[in-house]
Amino acid sequence: MKLTVTSTLALLLILSGCSQGRKEERKVERQAFGQTADGTPVELYTLTNSKGVRVAITNYGGIVVSLFTPDRNGNLGDIVLGFDRLEDYLQRHPYFGCIIGRYGNRIGKGRFTLDGVEYKLAQNNGENHLHGGLVGFDKKVWKAREFVDAEGQRLELRYTSPDSEEGYPGNLDVTVTYSLNEQNQLRIDYLATTDKPTIVNLTNHSYFNLAGEGDILGHLLRLNADYFTPVDAGLIPTGELRPVKGTPFDFTEPTPIGARIEQDDEQLRFGRGYDHNFVLRGGGGSLAEAAEVYEPKTGRVLRVLTTEPGVQFYTGNFLDGSLRGKYGRVYYRRTGFCLETQHFPDSPNKPNFPSTVLRPGQAYRSTTIYEFSAR
Ligand code: GLA
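Here the sequence shown stands for residues 749 to 1123, where the numbers follow my numbering.
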């Protein structure tokens, strides 16, 4: 069907009317989003709840493309960084909104030993392995199925990573399910099984900006973490769990992200800002609150809950103004932050960190909830 300009305008008016607090229909919509270089078609799925919160996710990389949540006056705004077009996601970009696998974050020298066998992974971040390698889960076309049930509006994404892909052992079957419910929660459930002993650590790499524009330095962050894992110059953890108390890493009380980011601190220098794993109080295993972020101008609040033992707090230090995203916005340094729920970086080489080993017959399960409100 071809929409005329007037019918498009009318549609836009109806849609903007809906965003003014009127009740929305709970639904999942599917539309074409282009194709990859080899001609594989890619779709964009939009999940909407009755409050008007809506999230658009593509089955290319499982990327969260847009996420509209209300501010304290009920105005919807897009709170994630990203692009309008698939073409831009096909170019190099810093993992905007992606599903990351098989191993989120870094593995030192791209090497690990499991059951006495040494495995070599792609070294795609200096001498280290980062975010699953050269072609990680962020660049795969996932099999998608959308549905609505009691849990909310849902998108189930499936991908089978073949044995040896990017150097990892075992065929890994992965299912990632996004659900948007009536409590304004976007929930991500990860499930993986393998046919050989392997390692796995999945996450989502959304960059948030709760004001929708500008830098994120004025956002107030609270992290339920008394320890963080300090790193070396290559951002590989040293193995130490260091108390946050008395350091710029203490976010146990709500603190502006920018309050101490420029302090003369070796860890901040290594990360060019925050790019560190925090050890969550909950310890992982059951769902617990990891973080809350509050943006004073709009009143938007993001709460993060997870079953993971850690979260990577990253302040967009490598954004450099070279990318132009949605609404023509240029992504300068620190215009977005990530809270990547995870097992700790380099766990396969750190016997004192919680294990990331998955064996045949076991199931890797992980859940993270991003909850949106305003005050
Ligand atoms: C992760 C890493 C950062 C950076 C970004 C992508 O969050 O920890 O160092 O590589 O991904 O730019």
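Note that beta-carbon positions come from the ideal geometry of N, C-alpha and C, so glycine has one too.
Item	Value
Does the distance between the C-beta of H877 and the nearest non-hydrogen atom of the ligand GLA fall short of 8 Å?	no
Which term fits L882, buried or exposed, when burial requires 16 or more other beta carbons within 10 angstroms of its beta carbon?	exposed
Kindly examine the ligand GLA and report whether one of its heavy atoms sits closer than 8 Å to the Cβ of Y843.	yes
Applying the criterion that 16 or more other CB atoms from any shown protein chain within 10 Å of the CB defines a buried residue, is F1066 buried or exposed?	exposed
In terms of residue numbering, what span does the alpha helix (DSSP H) encompassing F1018 cover?	E1014 to G1019
Threshold first: 3 residues or longer. Then list the beta strand (DSSP E) segments lying entirely within the stretch 885 to 934, N to C.	891 to 897, 900 to 909 and 920 to 928
Please report the distance separating the alpha-carbon of E777 from that of Y938.	22 Å
Within 10 Å of its beta-carbon, does T908 have 16 or more other beta-carbons around it, so buried, or fewer, so exposed?	exposed
How about R854: is its Cβ closer than 8 Å to a heavy atom in the ligand GLA?	yes
By DSSP, does L815 sit in helix, in strand, or in coil?	strand
Are at least three pairs of beta-carbons, each pair with one atom in the stretch 953 to 973 and one in the stretch 1040 to 1052, less than 8 Å apart?	yes
Go through its chain and collect everything with a Cβ distance to S927's Cβ below 6 Å, but skip five positions before and after it.	E899, G900, R902 and R935
Indicate the three-state DSSP secondary structure (helix, strand or coil) for Y1080 in the structure shown.	coil
Looking at N1025 and V1059, is the spacing between their C-beta atoms short of 9 Å?	yes
Check G1058 in the structure and name its three-state DSSP category.	strand
Are the beta-carbon atoms of T817 and F781 separated by less than 9 Å?	no
If you count every other CB in all the chains shown that lies within 10 Å of the CB of P1108, and 16 or more means buried, which is it?	exposed
Specify the secondary structure class of H967 as computed by DSSP and reduced to three states.	coil
With a cut-off of 8 Å on the beta carbons, I'd call K944 and G915 a contact; round off their distance for me.	Rounded, the Cβ-Cβ distance is 13 Å, inconsistent with contact.
Hey, P978 and R990 are a contact pair by Cβ (cut 8 Å); roughly how many whole angstroms apart?	5 Å
How would you label R850, buried or exposed, when you count the other beta carbons within 10 angstroms and need 16 or more for buried?	buried
Helix, strand or coil: which one does DSSP assign to S1095?	helix
Specify, as a first and last residue, the run of the beta strand (DSSP E) that E1119 falls within.	Y1112 to A1122
How many angstroms separate the CA atom of V828 from the CA atom of G845?	8 Å
Mark R1113 as exposed unless 16 or more other C-beta atoms lie within 10 angstroms of its C-beta, in which case mark it buried.	exposed
So, with DSSP's three-state summary, where would you put E791?	strand
Nearest CA to the CA of L1050: which residue from I964, S1121 and H879?	S1121
Relative to the C-alpha of S798, which residue among N972, E773 and Q931 is closest?	E773
Please report the Cβ distance between T1083 and D963, rounded to the nearest whole angstrom; I am assuming they are in contact, meaning their Cβ atoms lie under 8 Å.	5 Å
Might you give, ordered along the chain, the residues of its own chain that have their beta carbon closer than 8 Å to the beta carbon of T788, omitting 5 neighbours on each side?	V889
Using CA coordinates, which residue listed in R833, A1038 and G822 is at the minimum distance from Q779?	R833
In chain order, what residues of the same chain lie with their CB nearer than 8 Å to the CB of A1111, ignoring the 5 residues before and after it?	L939, A940 and T941
Just to check, is the beta-carbon of N873 closer than 8 Å to a non-hydrogen atom of the ligand GLA?	yes
Of all Cβ atoms in chain D, is any one closer than 9 Å to the Cβ of G800?	Given the protein chain composition of this structure (a single chain), no chain D is represented.
Can you tell which of P842, G825, H1091 and V803 has the C-alpha that lies nearest to the C-alpha of Y1079?	P842
Nearest-angstrom Cα distance between N747 and V812?	With the chain covering 749 to 1123 only, the question about residue 747 has no answer from this structure.
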